[in-house]
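Residues in the sequence shown are numbered consecutively from 0, following numbering that gives the first Met the number 0.
Note that beta-carbon positions come from the ideal geometry of N, C-alpha and C, so glycine has one too.
Taking it in order: structure first as structure tokens, then the write-up.
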Amino acid sequence: MKSVLLVDDDRVILNLLAEGLRKQNYGVSIASSGEEALDLARRHEHDIAVLDMRMPGLSGVDVARALGAEGRPPFVFLSAFGDPSDVRDAAEAGALGYLVKPVDLSQLIPFIEAAIARGREIGHLRDTAARLQRALDIEQRTRLAAGIIMQRQGLDRAEAFDWLRQRARAQRRKVCEVADELITAVERVNRLLRDPRHG
0 MKSVLLVDDD
10 RVILNLLAEG
20 LRKQNYGVSI
30 ASSGEEALDL
40 ARRHEHDIAV
50 LDMRMPGLSG
60 VDVARALGAE
70 GRPPFVFLSA
80 FGDPSDVRDA
90 AEAGALGYLV
100 KPVDLSQLIP
110 FIEAAIARGR
120 EIGHLRDTAA
130 RLQRALDIEQ
140 RTRLAAGIIM
150 QRQGLDRAEA
160 FDWLRQRARA
170 QRRKVCEVAD
180 ELITAVERVN
190 RLLRDPRHG
């Protein structure tokens, strides 16, 4: 069951849309303020948040920015206002779509489904990018450690990498862990040498 967080300060609209979505087998959480919406978003998992634009207190854009900063959930706007400035603000906050009221379920459901699919696609891309960045960071740290070994031990690059692999194997650790330990030790020594209080 897909889960939707509906946010609107108009309780009549909020309850009507929630009832309609539940009849279509969606799990629905409702919030009538931005503060309540953020609380629900932090306590429960949702596939999508549907935000009103203009609300007392935290506006829809305020909520969107907070959700974007926290990375959950993806969000769209359902607003009575279609001003270009509102649409621009929504897009800049990271909205996956913007729909102007009034709408019925036949319009809302495809809109929600498309946004959920797009949100998942973006999530997968972010996960992939994060994994690639971690791999790149490990590679850079390992190369740096190998460079230190080459300089200190008078080895060539292949021998330095072999030294790292042998040390990792002997300690039953990952090569990147041994590399990080070596880099940290060298950085500590360098700080001590630079600090006039130590000599």
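DSSP three-state assignment for residue i, whether helix, strand or coil
i      : result
LEU15  : helix
LEU5   : strand
LEU50  : strand
GLY203 : The requested residue 203 is not part of the displayed model; the chain covers only 0 to 198.
GLY26  : strand
GLY67  : helix
LEU57  : coil
ARG42  : helix
ASP179 : helix
Cβ neighbours of residue i in the same chain (closer than 8 Å, five flanking residues each side left out)
i      : result
SER28  : SER2, VAL3, LEU4, LEU5, LEU39, HIS43 and HIS45
GLY33  : VAL6, MET54, GLY56, LEU57, SER58, GLY59, ASP61 and VAL62
ALA206 : Outside the shown range of the chain, which is 0 to 198, sits residue 206, and nothing can be said about it.
Spatial neighbours of residue i in its chain, beta-carbon cut-off 6 Å, leaving aside the 5 residues before and after
i      : result
LEU124 : none
ARG117 : LEU95
ALA79  : LYS100
Own chain residues within Cβ distance below 7 Å of residue i, not counting five before or after
i      : result
ARG166 : VAL177
CYS175 : ILE137, ARG140 and THR141
GLY198 : With a pLDDT of 49 at GLY198, under the threshold of 50, the predicted position of this residue should be treated as unreliable, and no value is reported.
Residue i classed as buried or exposed, judged by whether at least 16 other C-beta atoms fall within 10 angstroms
i      : result
GLY70  : exposed
ASP7   : buried
SER84  : exposed
ILE121 : exposed
Sub-8 Å separation of residue i and residue j beta-carbons
i      : j      : result
THR36  : VAL75  : Reading the sequence as shown, one finds Ala at residue 36 and not Thr. No, the pair does not count as a contact, with Cβ atoms beyond the cut-off.
ALA134 : MET149 : no
TYR25  : MET0   : yes
LEU13  : SER31  : yes
VAL49  : ILE111 : yes
LEU181 : ALA144 : yes
VAL102 : GLY81  : no
LEU77  : GLY19  : no
Start-end ranges of the alpha helix (DSSP H) lying completely within the segment 73 to 154, minimum 4 residues: 83 to 92 and 104 to 152
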